[in-house]
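Trainee: Residue numbers (my numbering): -1 to 317.
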Amino acid sequence: MNNSIVEVKNIWKRYEIKRWGLKRIAFNALINVSLNVSKGETVGILGESGCGKTTLGKIILDLEKPDKGEVFWFGKKLKELTKEEYKIYRPKFQAVFQDPYSSLNPRYKIADILLEPYLINVEKNKKKGLEKAEEVLNLVGLRTEVLKKYPHALSGGERQRVALARALMVSPSLIVLDEPTSALDITLAVQILELLKDFKKSFNLSYILISHSLPVVLYLSDWIVVMYLGRIVEICKKDVFSKVKHHPYTLMLLDAHPDPFSPKRFFSKKVKGEIASPLYRPNGCEFHPRCEEREKACSENIPQLRKINDFQYIACFKR
Ligand SMILES: Nc1ncnc2c1ncn2[C@@H]1O[C@H](COP(=O)(O)OP(=O)(O)OP(=O)(O)O)[C@@H](O)[C@H]1O
Ligand SMILES: [Mg+2]
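#1: List the residues that DSSP assigns as beta-bridge partners of Gly55.
#2: Per DSSP, which residues does Cys296 bridge with? Please list them.
#3: Following a CB-centred definition, is Gly139 positioned closer than 7 Å to any heavy atom of ligand 1?
#4: What is the rounded straight-line gap between the Cα of Pro246 and the Cα of Pro301?
#5: Only counting the same chain, and skipping five residues up and downstream in sequence, which positions put a Cβ closer than 7 Å to that of Ile15?
#6: Ligand 2 and Asp176: does the residue's C-beta get closer than 7 Å to at least one heavy atom of that ligand?
#7: So is Gly176 buried or exposed if we call it buried at 16+ other beta carbons inside 10 Å?
#8: Compute the minimum distance between the beta carbon of Thr248 and the heavy atoms of ligand 2, and state whether it is under 7 Å.
#9: Compare the Cα-Cα distances from Leu251 to each of Phe285, Pro280, Pro276, Ser275 and report the closest residue.
#10: Locate the alpha helix (DSSP H) running through Glu121, then write down its first and last residues.
#11: Whole angstroms is fine: what's the gap from Tyr311's alpha carbon to Lys305's?
#12: Pick helix, strand or coil for Lys267, following the three-state DSSP scheme.
#13: Residue range of the beta strand (DSSP E) that Glu226 falls in?
#14: Quick one: give me the first and last residue of the alpha helix (DSSP H) that Thr248 is part of.
#15: When the Cα of Pro276 is compared with those of Ile3, Thr179, Asn1, Phe25, which residue comes out closest?
#16: Grab the span of the alpha helix (DSSP H) containing Glu192 for me, first residue to last.
#17: Could you name the residues of the same chain whose beta carbon sits closer than 8 Å to that of Thr52, not counting the 5 residues immediately before and after it, in chain order?
#18: Go ahead and pull the three-state DSSP assignment for Arg22.
#19: Mapping DSSP to helix, strand and coil, what is Gln96?
#20: Quick check: what's the CA-CA separation for Arg288 versus Ser47?
#21: Please look up how many angstroms separate the CB atoms of Val6 and Ser36, rounded, as I've assumed it's under 8 Å.
Printed below as a string of structure tokens:
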């Protein structure tokens, strides 16, 4: 694929957990997941807790290995990269997680937190590293005084800016943003989203934006990927998102977050049914027990993700 920064093809991931300390249960956290992120593009990944968003992010970052399927970095199979290529490509993929409290080492000053990735991945030159640190702090809207502080001396929003600054220290091509704003209150969240939007434009950065919030995903993404129990059930281009017919699960999410800026949101319906677990997969379409449009076939067969047109893919018999 042209300008592909990362691509995953037919990824499966299986985990095993121990139940009641005894019995081991294996389950699929990801099933046949494929997606591509091109240069400068943001792909938003939406879905309820446990649907496999973070697992997919970790596989993209090579923090987890898939059981089946392939990961491509810059069009090359990750498995086949030479050590030298891996060393060059690895820092191009960075992450910012939800909780800046736990992702920043509390024993390091901000200067050291920012310097560490630079000294390891860019060059062993502390002076230049500090210059870069001042530059990125400026970009994320923090004063250089924070360099001397420890993470606990900063507010939640400032900490998330530091996490973003650390990712920018190594001039990445793609940042996996895993719930980057969900620990922040709305004003701070909006500020971080605006920063991310600016960086996307100025540096032609790609993002994978993981969130359970439709408004957040819509704000930043070029493509919206909706996951349910480890499968992609819909891929839709943002430009057409408000104009097309969606997967019934996407519609349910839309119902829960109709329009973030509309007063009607206060009357929105709640998401229906229990949040499903990959440990107990229904037969057929896994969403069918919660689906208002279900038919007999939905409980018997699994719908595959199908191309509707150049802007939309849906896994549903009714679309
Ligand atoms: N290391 C692991 N060992 C066993 N099970 C795991 C492991 N990591 C994740 N899981 C399970 O895999 C499933 C997918 O988890 P994942 O963290 O990817 O979901 P998520 O969509 O990011 O959820 P959330 O919105 O709560 O962050 C969950 O059922 C989770 O409990
Ligand atoms: Mg997660």
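Heads up, the beta-carbon is just placed ideally off N, CA and C, and yes, glycines get one too. Predicted model only: the values in this text are computed from it and were never measured.
Mentor: Short version:
#1: The count along the sequence shown starts at 1 and reaches residue 55 at position 57. Answer is none; Gly55 lacks a bridge partner.
#2: Counting from one through the sequence shown, the residue named residue 296 turns up at place 298. When beta bridges are read from the DSSP output, Cys296 appears opposite no residue.
#3: Translated into positions along the sequence shown, residue 139 becomes position 141. Closer than 7 Å to some heavy atom of ligand 1: that does not describe the Cβ of Gly139.
#4: As a position in the sequence shown, residue 246 is number 248, starting the count at 1. As a position in the sequence shown, residue 301 is number 303, starting the count at 1. Pro246 and Pro301: Cα-Cα distance of roughly 13 Å.
#5: Indexing the sequence shown from 1 puts residue 15 at position 17. Hits under 7 Å: Ile23.
#6: Taking the sequence shown and counting its residues from 1, the one referred to as residue 176 is at position 178. Yes.
#7: In the sequence shown, counting from the first residue as 1, residue 176 sits at position 178. Reading the sequence as shown, one finds Asp at residue 176 and not Gly. Buried, because 16 or more other Cβ atoms sit within 10 Å of the Cβ of Asp176.
#8: Here residue 248 is taken as the residue at index 250 of the sequence shown, counted from 1. In this structure, the C-beta of Thr248 stays at least 7 Å away from each heavy atom of ligand 2.
#9: In the sequence shown, counting from the first residue as 1, residue 251 sits at position 253. The candidate whose alpha carbon is nearest that of Leu251 is Phe285.
#10: The residue given as residue 121 occupies position 123 in the sequence shown. Run containing Glu121: none; DSSP gives neither H nor E here.
#11: The sequence position of residue 311 within the sequence shown is 313, counting from 1. The sequence position of residue 305 within the sequence shown is 307, counting from 1. Cα-Cα distance, rounded: 4 Å.
#12: Along the sequence shown, read from residue 1 onward, the residue named residue 267 stands at position 269. Only weak support exists for where Lys267 lies, its pLDDT of 48 falling under 50; the coordinates are left without a value.
#13: Sequence index remark: in the sequence shown, residue 226 carries index 228 (1-based). According to the sequence shown, residue 226 is Tyr rather than Glu. 221 to 226 is the extent of the beta strand (DSSP E) around Tyr226.
#14: Numbered from 1 along the sequence shown, position 250 holds the residue referred to as residue 248. DSSP places Thr248 in the uninterrupted alpha helix (DSSP H) bounded by 246 to 254.
#15: Here residue 276 refers to the residue found at position 278 when the sequence shown is read from its first residue. Residue nearest to Pro276 within the set Ile3, Thr179, Asn1, Phe25 is Phe25 (criterion: CA-CA distance).
#16: Taking the sequence shown and counting its residues from 1, the one referred to as residue 192 is at position 194. Run containing Glu192: 184 to 201, per the alpha helix (DSSP H) assignment.
#17: Taking the sequence shown and counting its residues from 1, one reaches residue 52 at position 54. Excluding residues up to 5 positions away in sequence, Asp176, Ile208 lie with their Cβ nearer than 8 Å to the Cβ of Thr52 in the same chain.
#18: Against the sequence shown, residue 22 aligns to sequence position 24. Look at Arg22 here: in three-state DSSP terms it is strand.
#19: Along the sequence shown, one-based indexing puts residue 96 at 98. Coil, per DSSP.
#20: Position 290 of the sequence shown holds residue 288. Position 49 of the sequence shown holds residue 47. Rounded to whole angstroms, Arg288 and Ser47 show a C-alpha spacing of 16 Å.
#21: Numbered from its first residue, the sequence shown carries residue 6 at position 8. Numbered from its first residue, the sequence shown carries residue 36 at position 38. Contact between Val6 and Ser36 is absent: CB atoms are separated by about 14 Å, not below the 8 Å threshold.
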